[in-house]
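Q: Numbering (the numbering used here), first residue to last: 86 to 365.
Supplied in structure tokens, the structure appears directly below.
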Amino acid sequence: MAKVCWNKKLKVNSVKILKIKQNGLYNNKRLIVNQFLAGNIILIEDFKMPINLEEFNFSPINISMPKGINPGSNLFREYNKKTKPITKALTQNAANFIYKYPEQRDRLTKTMMKCDDFVTDMFKTLFSLEGTPSLNGTTWRFTKTTKQNYHLDIYTGSAFRAFWNLSDKPRKWGFGYNAKHIFEKYNLELNTFIKDKEISGEKISQASLNAYINQLISDEETHKIEFDKYDLWICDTVKVGHQIISGDKLAAFTYLFKKEQIPIPIANGMNYMNYIKTLR
Ligand SMILES: [Fe+2]
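In structure tokens:
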């Protein structure tokens with residue numbers, strides 16, 4: 086069971102955690118969508134997929150990140166930047182790190198692809214998304230991740246993301262603020278940033294805004310949560326501040342959909358940018 090340690094120093098109305106049972110997932114579709122859009126975290130403990138879980142019973146890869154690679158980024162992604170299609174390459178490469186023999190590698194790759202399909206379908210059903218993701222950036226993190234800065238992810242638009250802890254060790258995260266809280270707390274700084282860009286005629290993308298926000302919030306106070314083995318949590322990490330504190334085996338499912346594939350208009354990134362303007 087996931088453990089949360091609430092930090093009393095956090096004075097804002099911070100991010101909430103909504104616990105849902107896996108068998109109640111689709112009966113609570115509206116609640117989940119609303120919580121996701123509000124910048125909260127949806128937690129499903131002991132999440133199961135139609136695969137043989139024993140496939141993931143290997144030890145995490147015991148290597149440190151090569152110099153120059155951000156500890157928060159994924160080793161396999163860095164190695165495959167130019168390889169397309171990215172997801173297939175990433176899963177295959179991850180499997181290559183685990184197993185020496187092609188047969189084992191293929192079996193693991195197939196299992197990972199099945200998980201990826203399962204979670205894609207879950208998001209499509211929950212959010213009534215149309216077609217296939219415009220980007221599938223799912224990564225398999227079989228290496229140890231140590232303390233990251235507290236940050237918002239830098240994607241353009243909403244990212245449908247789910248994390249699944251596959252390790253015997255808990256995945257530890259810091260969390261507390263979402264974009265709304267950050268906009269309210271740093272209203273002055275963010276408006277100055279926007280005004281400066283407007284004066285210079287520079288376009289502000291969601292990605293450039295988040296990059297700026299990350300400098301502001303990196304040392305903020307956080308609550309701490311320990312996700313247990315097979316916990317799956319869903320949130321829009323473009324809007325939910327987060328920090329990996331530790332963990333060593335995890336699937337990070339990541340899907341971007343275009344605006345026209347998302348029937349719920351507020352789920353697309355444009356509203357995130359517009360929100361800040363309402364605070365001016
Ligand atoms: Fe992140």
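Glycine included, every Cβ here is placed at the ideal spot set by N, Cα and C.
I'd like to confirm something about T228: is its beta-carbon nearer than 7 angstroms to some heavy atom of ligand 1, or not?
A: As a working mapping, residue 228 is identified with position 143 in the sequence shown. Not so, every heavy atom of ligand 1 lies at least 7 angstroms from the Cβ.
Q: In whole angstroms, what is the alpha-carbon distance linking P145 and T224?
A: By 1-based counting over the sequence shown, the position of residue 145 is 60. By 1-based counting over the sequence shown, the position of residue 224 is 139. Their backbone Cα atoms lie some 14 angstroms apart in a straight line.
Q: Would you mind reading off the limits of the beta strand (DSSP E) that contains T339?
A: Here residue 339 refers to the residue found at position 254 of the sequence shown. Counting along the chain, the beta strand (DSSP E) containing T339 begins and ends at 335-341.
Q: So the beta strand (DSSP E) Y262 belongs to, where does it begin and stop?
A: Mapped onto the sequence shown, residue 262 falls at position 177. Taken as a continuous stretch (DSSP letters only), the beta strand (DSSP E) holding Y262 covers 256-263.
Q: On the DSSP bridge assignment, give the partners of I347 in chain order.
A: Residue 347 sits at position 262 when you count from the first residue of the sequence shown. According to DSSP, which records beta bridges pairwise, I347 is partnered with nothing at all.
Q: For L317, I'd like the list of residues in its chain whose CB is within less than 6 angstroms of its CB, leaving aside the five on either flank, ordered along the chain.
A: Indexing the sequence shown from 1 puts residue 317 at position 232. The residues are I129, F132, A247, W249.
Q: Which residues in the same chain have their Cβ closer than 6 angstroms to the Cβ of D201, if we skip the five residues on either side of it in sequence?
A: Taking the first residue of the sequence shown as position 1, residue 201 is located at position 116. Closer than 6 angstroms at the Cβ level, and outside the excluded window around D201, lie T223.
Q: Apply the 10 Å Cβ neighbour rule to M333 and answer buried if 16 or more other Cβ atoms are within range, or exposed otherwise.
A: Here residue 333 refers to the residue found at position 248 of the sequence shown. First, the amino acid is wrong: residue 333 is Asp here, not Met. The residue is buried, with at least 16 neighbouring Cβ atoms inside 10 Å.
Q: Go through its chain and collect everything with a Cβ distance to K270's Cβ below 7 angstroms, but skip five positions before and after it.
A: Your numbering for residue 270 matches position 185 in the sequence shown. Only V97 meet the Cβ criterion.
Q: Assess contact between the region 205-213 and the region 290-306, defined as three or more Cβ pairs (one per stretch) separated by less than 8 angstroms. Is contact present?
A: At 8 angstroms Cβ cutoff, the stretches do not touch.
Q: I'd like the span of the alpha helix (DSSP H) that includes E188, first residue to last.
A: The residue labelled residue 188 in the question sits at position 103 within the sequence shown. Segment 187-212, the alpha helix (DSSP H) holding E188.
Q: Between the alpha carbons of I105 and N263, how many angstroms are there, rounded?
A: In the sequence shown, the residue the question calls residue 105 occupies position 20. In the sequence shown, the residue the question calls residue 263 occupies position 178. Each residue's Cα considered, the two are about 20 angstroms apart.
Q: What do you reckon, are the CB atoms on P218 and L341 nearer than 8 angstroms?
A: Locating residue 218 in the sequence shown gives position 133, where the first residue counts as 1. Locating residue 341 in the sequence shown gives position 256, where the first residue counts as 1. Closer than 8 angstroms, so yes.
Q: With a threshold of 7 angstroms on Cβ separation, who are the neighbours of I329 within its own chain once the five nearest residues in sequence on each side are excluded?
A: Mapped onto the sequence shown, residue 329 falls at position 244. Cβ neighbours of I329 beyond the five flanking positions: G157, T230, Q233, W258.
Q: For N92, which residues from the same chain have a beta carbon less than 6 angstroms from its beta carbon, with the 5 sequence-adjacent residues on both sides left out?
A: The sequence position of residue 92 within the sequence shown is 7, counting from 1. Cβ within range, chain order: E306, H308.
Q: Below 8 angstroms between beta carbons: does that hold for R190 and E140?
A: As a first step, residue 190 is located in the sequence shown; it is residue number 105 there, counting from the start. As a first step, residue 140 is located in the sequence shown; it is residue number 55 there, counting from the start. Taking 8 angstroms as the Cβ cut-off, R190 and E140 do not qualify as a contacting pair.
Q: Please state the DSSP three-state secondary structure of G109.
A: On the sequence shown, residue 109 is found 24 positions in, with the first residue counted as 1. If DSSP states are grouped into helix, strand and coil, G109 belongs with the helices.
Q: Is T224 near ligand 1, judged by its Cβ being under 7 angstroms from some heavy atom?
A: In the sequence shown, counting from the first residue as 1, residue 224 sits at position 139. No, Cβ of T224 sits at least 7 angstroms from all heavy atoms of ligand 1.
Q: Which residues bound the alpha helix (DSSP H) around L273?
A: Sequence index remark: in the sequence shown, residue 273 carries index 188 (1-based). Looking at the DSSP string, the run of the alpha helix (DSSP H) that includes L273 is 272-285.
Q: Are the CB atoms of V89 and V325 nearer to each other than 8 angstroms?
A: Here residue 89 refers to the residue found at position 4 of the sequence shown. Here residue 325 refers to the residue found at position 240 of the sequence shown. No. Outside cutoff.
Q: Helix, strand or coil for S252 per DSSP?
A: Against the sequence shown, residue 252 aligns to sequence position 167. If DSSP states are grouped into helix, strand and coil, S252 belongs with coil.
Q: Ordered along the chain, which non-local residues of its own chain (more than five positions away) have a Cβ less than 6 angstroms from that of I319?
A: Here residue 319 is taken as the residue at index 234 of the sequence shown, counted from 1. Counting only Cβ-Cβ distances below 6 angstroms, and skipping sequence neighbours, we find I127, A247.
Q: Quick check on F114: does DSSP put it in helix, strand or coil?
A: What you label residue 114 is simply residue 29 of the sequence shown in a count that begins at 1. Looking at the sequence itself, residue 114 is Lys, so the reference to Phe does not match. Note: K114 maps to helix in three-state DSSP.
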